[in-house]
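One structure is given here, and the rest of the page talks about it.
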Amino acid sequence: MAQVRVRFAPSPTGPLHIGGVRTALYNYLFAKKNNGTFILRIEDTDQARFVEGAEEYIMESLKWCGIIVDEGIKEGGDYGPYRQSDRKTIYRQYADMLIDKGHAYYAFDTTEQLDTLRSQAEKAGNTFIYNAGVRDKLDNSLSLPESEWKGKLNKGEPYVIRYKMPLNEDIHFEDIIRGHIVVNTNTLDDKVLFKSDGMPTYHLANIVDDHLMEISHVIRGEEWLPSLPLHIMLYRSFGWDPPLFSHLPLLLKPDGKGKLSKRDGDKMGFPVFPLFWHYGETAKGYREEGYYPDAFVNMLALLGWNPGTEQEIFTMAELIEAFSIERVHKSGSRFDPEKAKWFNHQYLQKRSNNQLAMEFREFLRAKGYHLDIKNLEALISLVKERVSFVKDIWDQTDFFFKAPESYDKEVIKKRWNSDSPVLLKELSELLDKTDDFSAASTEAVVKAWIEEKGYNMGTIMNAFRLVIVGASRGPHMYDIISWIGKVETIKRIDKGLSVIGK
RNA sequence: GGUCCAUUCGUCUAGUGGUUAGGACGUCAGGUUUUCAUCCUGUUAACAGGGGUUCGAUUCCCCUAUGGACUACCA
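So this is what it looks like as structure tokens:
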């Protein structure tokens, strides 16, 4: 295979959502699998939709995911510039080339005129298509006498350049994922290639840039499939060899219908963006929700592709090794937030107590707690298996840091009986006399006491947990009291006794 | 409306012209845990429908249904 060069070509119109990230990821995996080059090209030909911060956001997102850009606006490269607005002067000559070859023409119709024609057609139950069927009746350099349209040009009247779609021709083409597709040109329209504001449209800029940048494979979202015939025709008109195309299936909403959209995140309570977004609107990101980038990437990679084995956990290197574009699915995948959490759980379990302690220490710092790593490692070893996110550690361990402020009423009803005050008082005195407060030691002492007196283990331990934790949850009691220490333990028993009473 | 694309458990998916249609998430049930959670074990549940082709179709073809994308001087 010739040198593999692929590009991810987003528009900086807002934060990149996870569908875009997955497109970038598949491009990256494909490139690296084939010792190729991954290019980031910014497609900002629509000045009206430019959004502050979006370009930075895209680059930061890729970086967070571990997707390394080989050529791009920051990285440079031999095929730059990599931002289409910086390539503005390139496109016009290609539009002119098409006009010279008779594949494109000037059109002077105003937006209003075309809108009217469209709505009229709609009322009549037809579809207005600007192509060979009607272009003779419209206002363009094909329908008007040469003197007239040249006059308009000289006068500086606004115009666009349209592609001259041939009449009644079947266009055959291949998609790596979808196979053979045929479309008749009569259903296609004379797309605008060059806008009246002096900028190319996506279609022109995209084809010119892909050719100039020697892109070998175009891997993009399914929403582009309908314009593939146009793109194929453009390559033919220029006399260029087209790249190979792959159209990725869409990411769908978890419930209901339709493709995942930028709005779904807040509506459904999970992020649709890799990172927090805060220009104008704000939106949650996976990074800030506590996802590890490798878990996020792993989850995303398996949404629409799988290697055909039962392996589910992959490092980026393993993904690169296993990836093949042919195994990408044809149909859309519904995004499942539950499975995303499961992936993070898997990755969190693989981290060392020390790593987690460092991460949790940052979390605690924000809450005003400052603890040493050894202490936190001990804490984390007690709850690690129960959490999926670092922030979950707090939910599992808040009572380590502070005595309960209230006691679960249901638990009082169920676990606190008339004997409880007396028994806990005895327990308190017993622990007070115990010097070695390691979990093993207190466990031995308390068990011996319960056995000697013939008490009921469940009764005591559940009431004990109630005064220490405030609820019916948490790790082993002896681990808890060992960590909080004797003084705090006794204090909590006393407080519990006075608050709950009998 | 038109064009194009798609359709295996609730979800992500494996798979083959002949399989008990496999796995994961979730669900549910047991077990462990004197709590809660984790964990373990088990369970649950699918080839959209109808025609063909064939000795035999989930698998190949056609139709229908359903879903989706596109239908801008947006990408």
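Position one of the first sequence corresponds to residue 1 (the numbering used here), numbered consecutively onward.
A virtual CB, placed ideally from N, CA and C, is assigned to each residue, including glycine.
query, result
"Starting from valine 21 and walking both ways along the alpha helix (DSSP H), at which residues does that stretch end?", "18-33"
"Quick one, are the C-beta atoms of glycine 14 and valine 51 less than 8 angstroms apart?", "yes"
"Could you tell me the distance, in whole angstroms, from the CA atom of phenylalanine 194 to the CA atom of methionine 97?", "12 angstroms"
"Start and end of the alpha helix (DSSP H) containing arginine 118?", "111-123"
"Can you find a heavy atom of the ligand ZN that lies under 7 angstroms from the Cβ of arginine 5?", "Absence of the ligand ZN from the depicted structure is noted, as is the absence of any ligand whatsoever, leaving it without description."
"Nearest CA to the CA of phenylalanine 363: which residue from Pro200, Ile468 and Asp398?", "Asp398"
"Is DSSP giving serine 498 helix, strand or coil here?", "helix"
"Thinking C-beta only, is leucine 40 closer than 8 angstroms to leucine 319?", "no"
"Closer than 6 angstroms by C-beta to arginine 49: which residues in its own chain qualify, once you throw out the five before and the five after it? Chain order, please.", "Thr13"
"Starting from leucine 319, trace the alpha helix (DSSP H) both ways and give me its first and last residue.", "316-322"
"Among the residues of its own chain, which have a CB less than 7 angstroms from the CB of isoleucine 393, if the five just before and after it don't count?", "Phe360, Ile380, Val383 and Val387"
"Should the region 219-238 be called in touch with the region 277-290, which here means at least 3 C-beta pairs below 8 angstroms?", "no"
"Give me the Cβ distance between isoleucine 129 and arginine 83, rounded to the nearest whole Å; I'm assuming they're in contact under 8 angstroms.", "No, isoleucine 129 and arginine 83 are not in contact; Cβ-Cβ is about 33 angstroms, not under 8 angstroms."
"Just mark valine 499 as buried or exposed, buried being the case when its beta carbon has 16 or more other beta carbons within 10 Å.", "exposed"
"I'd like the span of the alpha helix (DSSP H) that includes phenylalanine 363, first residue to last.", "353-367"
"Counting along the chain, where does the beta strand (DSSP E) carrying alanine 439 start and finish?", "Where alanine 439 is concerned, there is no enclosing beta strand (DSSP E), although the alpha helix (DSSP H) it sits in stretches over 439-453."
"Would methionine 213 be called buried (16 or more neighbouring beta carbons within 10 Å of its own) or exposed?", "buried"
"From methionine 457 to glutamate 405, what does the alpha carbon distance come to, in whole angstroms?", "25 angstroms"
"Using CA atoms only, rank isn't needed, just tell me which of Val134, Leu153, Glu174 and Leu244 is closest to asparagine 27.", "Leu244"
"Let me know the alpha helix (DSSP H) ranges lying completely inside the region 126-197, each 4 residues or longer, listed in chain order.", "146-155"
"With H, G and I counted as helix, E and B as strand and the rest as coil, what does DSSP make of arginine 327?", "helix"
"Between Tyr106, Val390, Leu431 and Gln47, which has its C-alpha nearest serine 85's C-alpha?", "Gln47"
"Roughly how many angstroms lie between the CA atoms of glutamate 222 and alanine 205, to the nearest whole one?", "19 angstroms"
"Using 8 angstroms as the threshold, is the C-beta distance between phenylalanine 401 and tryptophan 483 below it?", "no"
"Where does the unbroken beta strand (DSSP E) through valine 6 begin, and where does it stop?", "5-8"
"Grouping DSSP H, G and I as helix and E and B as strand, with all else coil, what is tyrosine 61?", "In the sequence as presented, tyrosine is not what sits at residue 61; that position holds serine. Three-state result, serine 61: helix."
"Excluding the 5 residues preceding and the 5 following threonine 503 in the sequence, name in chain order all residues of the same chain whose CB lies nearer than 8 angstroms to its CB.", "It is not possible to answer for residue 503, since the shown part of the chain is limited to 1 through 502."
"Starting from alanine 104, follow the beta strand (DSSP E) in both directions and report where the run begins and ends.", "104-107"
"Could you tell me the boundaries of the alpha helix (DSSP H) in which isoleucine 468 lies?", "457-469"
"Kindly confirm or deny that the region 60-75 and the region 268-275 touch, where touching means at least three C-beta pairs closer than 8 angstroms.", "yes"
"Looking only at C-alpha atoms, which of Glu56, Lys88 and Thr89 sits nearest to isoleucine 73?", "Glu56"
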